[in-house]
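Remarks on the structure that follows.
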Amino acid sequence: MPRPTVDAAPLEFDPVIKFLHWLTLFLIVTVFVLAFSIDLVPAAAKQIFLQLHRSFGLTIWIVTFGRLVWRQFTRFPNWPATMSRPMRFATNASEYALYVLL
């Protein structure tokens with residue numbers, strides 16, 4: 012059985028990338044929940060919810076920056092062989108658009 016070379020593309024995504032992906036999702040959901048619940052809480056708690064909303068938003072920026080840095084040091088699985096060039100372009104474009112939105 013031949014041994015895989017060090018330069019071989021991994022079969023799945025790096026565990027750190029997976030963790031940062033799900034952490035980002037959790038933070039985005041939390042920011043939206045806080046934003047939509049600000050009007051539902053008593054006036055005394057509005058300031059706390061607003062500050063939590065801002066803090067989680069800032070955390071999203073920090074995690075996004077961490078994701079962009081980590082991407083430079085990890086390898087990703089190869090594209091499927093059946094994926095066309097326009098599909099690869101669209102996938103990359105949508106990924107960068109999501110980073111811009113974050």
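Quick note: the sequence shown uses the working numbering, first residue 12, plus one each step.
We put the CB at the ideal spot given by N, CA and C, even for glycine.
Pairing V80 with I73, the inter-Cα distance amounts to about 11 Å. Taking each of A46, L51, Y110 and R78 in turn and checking the Cα distance to R65, the smallest one comes out for A46. In summary, L38 is buried, with 16 or more beta-carbon neighbours lying within 10 Å of its beta-carbon over all protein chains present. If you look at W72, you'll find it in the alpha helix (DSSP H) that goes A54 to R82. By a beta-carbon distance limit of 8 Å, A20 does not contact N103. Their separation comes to about 16 Å.
Membership of W33 in the alpha helix (DSSP H) is indicated by the continuous run P26 to S48. Your pair V42 and F67 checks out as a contact, with CB atoms roughly 5 Å apart and the cut at 8 Å. Distances from the CA of L22 to each of A54, P53 and T85 were compared; the closest alpha carbon is that of T85.
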